[in-house]
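Numbering (my numbering), first residue to last: 1128 to 1206.
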């Protein structure tokens, strides 16, 4: 989707959204392609799954992540 389409769907200002999408793109969590003056973004599910796997393994001690009210939480020792 283009930034304009995402902005309209989420109700977020385009400039703010562009900033965040650019950072997500730099982190590899979204893919971007430019066509003319428009930039189109798509989720990078492989990288998102890898990040979730890392966080589950290293922050949740291998247990499924639970809501914030659970006793399992990241204790700041993520490596």
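The beta carbon of each residue, even a glycine, is placed where N, CA and C say it ideally should be.
Handout entry: Supposed close pair residue 1158, residue 1171 - CB separation, criterion 8 Å
Key = Here residue 1158 is taken as the residue at index 31 of the chain shown, counted from 1. Here residue 1171 is taken as the residue at index 44 of the chain shown, counted from 1. Right, the Cβ-Cβ distance comes to about 5 Å (below 8 Å), so this counts as a contact.
Practice task
Measure the alpha-carbon distance for residue 1139 versus residue 1133 and round it to whole angstroms.
Solution key: Numbered from its first residue, the chain shown carries residue 1139 at position 12. Numbered from its first residue, the chain shown carries residue 1133 at position 6. Their Cα atoms are separated by approximately 8 Å.
Problem - Under the three-state DSSP convention, the category residue 1144 falls into - result: Counting from 1 along the chain shown, the entry for residue 1144 is found at position 17. DSSP places residue 1144 within a helical segment (H, G or I) once states are collapsed to three.
Problem - Coarse secondary structure for residue 1139, derived from DSSP in three states - result: Walking along the chain shown from the start, residue 1139 turns up at place 12. DSSP places residue 1139 in coil when its eight states are reduced to three.
Problem - Range covered by the beta strand (DSSP E) that runs through residue 1179 - result: The sequence position of residue 1179 within the chain shown is 52, counting from 1. Counting along the chain, residue 1179 falls outside any beta strand (DSSP E), though it belongs to the alpha helix (DSSP H) covering 1172-1186.
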